[in-house]
Amino acid sequence: MEALVARIGKPHGLRGEVTVQLHTDVPGTRFAIGARLLTRPPGVGPLLVRSARVHNGTWLLSFDGAPDRTAAEALRGTELLVSESDAGPVGGDTDGVPGETAADEGWYEDELVGVPVRDVKGAVVGQVVALHLRPAQDLLEVALHDGRRGYVPFVEALVPVVHMSGDVTDRHVVIDPPAGLFDLPGQG
Numbered sequence: 001m002e003a004l005v006a007r008i009g010k011p012h013g014l015r016g017e018v019t020v021q022l023h024t025d026v027p028g029t030r031f032a033i034g035a036r037l038l039t040r041p042p043g044v045g046p047l048l049v050r051s052a053r054v055h056n057g058t059w060l061l062s063f064d065g066a067p068d069r070t071a072a073e074a075l076r077g078t079e080l081l082v083s084e085s086d087a088g089p090v091g092g093d094t095d096g097v098p099g100e101t102a103a104d105e106g107w108y109e110d111e112l113v114g115v116p117v118r119d120v121k122g123a124v125v126g127q128v129v130a131l132h133l134r135p136a137q138d139l140l141e142v143a144l145h146d147g148r149r150g151y152v153p154f155v156e157a158l159v160p161v162v163h164m165s166g167d168v169t170d171r172h173v174v175i176d177p178p179a180g181l182f183d184l185p186g187q188g
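Structure, rendered in structure tokens:
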């Protein structure tokens, strides 16, 4: 089994660096120079970390075999993984290994995707299809039953319950969106 530690974003500069969306609490350990990371899709990797640094709060990585911007662009969207035996916990980090919870009780996208979304009255309104990490607040992307997509700020006031313990069939997220949230431009 494998645990997601990051997703590769856009290239940065001309020398093969890429931005990454973190899914680990210990990026300095996971992205040490020479670290071997598995990939999804598997044909892209494994990737060996050539360099890792933080620039304006964003982690930038480069990999052996991806020396320029063109090669970095080809990596966009690739998920970086560690095997369960390597996943840890390392210093409290869980990297989304099932059955473990991060110290800050955060949730990882791979834990949330596919989970039913209910309103505060208990009616199922859709299911989680993505978690978008943003600087100010994260967004849950929900596939609504009417075929539209909606985005809910992942804050306690709007997502008061994330029930992930117990039987997998009982897992769910409760949302309490303000009236008209799914009717805003960009929703649907």
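First residue of the sequence shown: 1, per this note's numbering; consecutive thereafter. Ideal Cβ placement from N, Cα and C applies to all residues, glycine included. These numbers were taken from a predicted model, which means no experiment stands behind them.
Taking the Cα of residue 170 as reference, the smallest distance to any Cα among 118, 183 and 73 is reached at 118. In this structure residue 115 does not touch residue 59 by the C-beta definition: roughly 27 Å separates them, more than the 8 Å allowed. With distances taken between CA atoms, residue 33 lies nearest to 53 out of 42, 39, 41 and 53. Between the alpha carbons of residue 158 and residue 143 lies a distance of about 17 Å. Excluding its 5 nearest sequence neighbours in each direction, residue 44 has C-beta neighbours in its own chain below 6 Å: 78, listed in chain order. Residue nearest to residue 80 within the set 130, 173 and 48 is 48 (criterion: CA-CA distance). Taking all protein chains in view, the Cβ of residue 24 is crowded by 16 or more other Cβ atoms within 10 Å, so the residue is classified as buried. According to DSSP, residue pairing for residue 11 in a beta bridge involves 18. Between residue 82 and residue 5, the beta carbon gap of about 6 Å places them in contact (Cβ cut-off 8 Å).
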